[in-house]
Amino acid sequence: MAYWQLYYHFVWTTANRAPLVTDEVTPILYTQLRTRAERMGATVYAIGGTAWHVHVVVAVPPRWSPALFVGQLKSQTSAALNRTGLVAGRFAWHEGYGVYAFDRRQLRPMIDYVEQQRAVHATRHEIRALELVDGGAPAAVANNEGSFYIDSAAWRQELAALDEAMFPRREL
Numbered sequence: 008m009a010y011w012q013l014y015y016h017f018v019w020t021t022a023n024r025a026p027l028v029t030d031e032v033t034p035i036l037y038t039q040l041r042t043r044a045e046r047m048g049a050t051v052y053a054i055g056g057t058a059w060h061v062h063v064v065v066a067v068p069p070r071w072s073p074a075l076f077v078g079q080l081k082s083q084t085s086a087a088l089n090r091t092g093l094v095a096g097r098f099a100w101h102e103g104y105g106v107y108a109f110d111r112r113q114l115r116p117m118i119d120y121v122e123q124q125r126a127v128h129a130t131r132h133e134i135r136a137l138e139l140v141d142g143g144a145p146a147a148v149a150n151n152e153g154s155f156y157i158d159s160a161a162w163r164q165e166l167a168a169l170d171e172a173m174f175p176r177r178e179l
């Protein structure tokens with residue numbers, strides 16, 4: 008099996024941003040999302056949202072493209088929710104979604120952002136880039152300052168620390 012570290016933040020909305028994710032629906036939906044993701048080999052770090060959208064922070068194995076992964080989650084959870092009868096009418100997700108790949112160093116802030124979704128929206132402290140579900144890729148990178156080159160000392164030091172944490176040296 009391949010070694011991988013693929014962290015994603017997914018966000019998607021209900022169809023027409025209808026407030027279908029009620030307090031009664033939320034625990035069932037979140038359990039379904041976690042169960043379905045784990046069955047696909049993913050590790051779920053956080054699930055959160057509001058009445059009209061959901062965020063998921065997850066590590067997804069490379070056998071799943073982000074599009075196939077989120078498509079499976081959306082189709083399976085909407086079908087499961089429709090079987091419960093908890094939603095008047097038909098539960099459906101919006102066609103689009105947002106996906107953001109990030110480094111392990113951003114895992115804790117991403118988890119915090121997702122777990123605090125109701126408060127984030129209540130206080131209007133959204134990070135707009137993490138709320139987008141339509142619009143395609145950004146047109147250009149606005150600023151390259153602060154990036155590092157592959158042979159920079161910081162990059163090597165970071166990888167050496169990761170290597171040591173994952174594979175501690177043993178005294179012989």
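Quick note: this note's numbering has the sequence shown finishing at residue 179, numbered continuously throughout.
For each residue, glycine too, the CB sits at the ideal point set by N, CA and C.
These numbers come from a predicted model, not from an experiment.
Counting C-beta pairs with one atom in each stretch, the stretch 63 to 72 and the stretch 130 to 138 have fewer than three that are closer than 8 Å, which means they do not touch. As a beta-bridge residue in DSSP terms, residue 54 pairs with 63. Restricting attention to 13, 9, 8, the CA atom closest to the CA of residue 107 is found in 13. Inter-segment contact for the stretch 43 to 61 and the stretch 19 to 34 is present: three or more beta-carbon pairs are separated by less than 8 Å.
If one requires a minimum length of 3 residues, the beta strand (DSSP E) runs lying completely within the stretch 17 to 57 are 50 to 57, in chain order.
Restricting attention to alpha helix (DSSP H) runs no shorter than 4 residues, the stretch 62 to 131 encloses them at 73 to 91, 114 to 122, 124 to 129, ordered along the chain. Taking residue 27 as the centre and dropping the five residues before and after it, the same chain places the C-beta of 21, 94, 98 closer than 6 Å to its C-beta, in chain order. By the criterion of a C-beta distance shorter than 8 Å, residue 24 is surrounded in its chain by 59, 60, 101, once the five residues flanking it on both sides are discounted. Nearest Cα to residue 56 within the set 45, 50, 40, 47: 40. If you draw a 10 Å sphere on the C-beta of residue 37, you find 16 or more other C-beta atoms in it, and that means buried.
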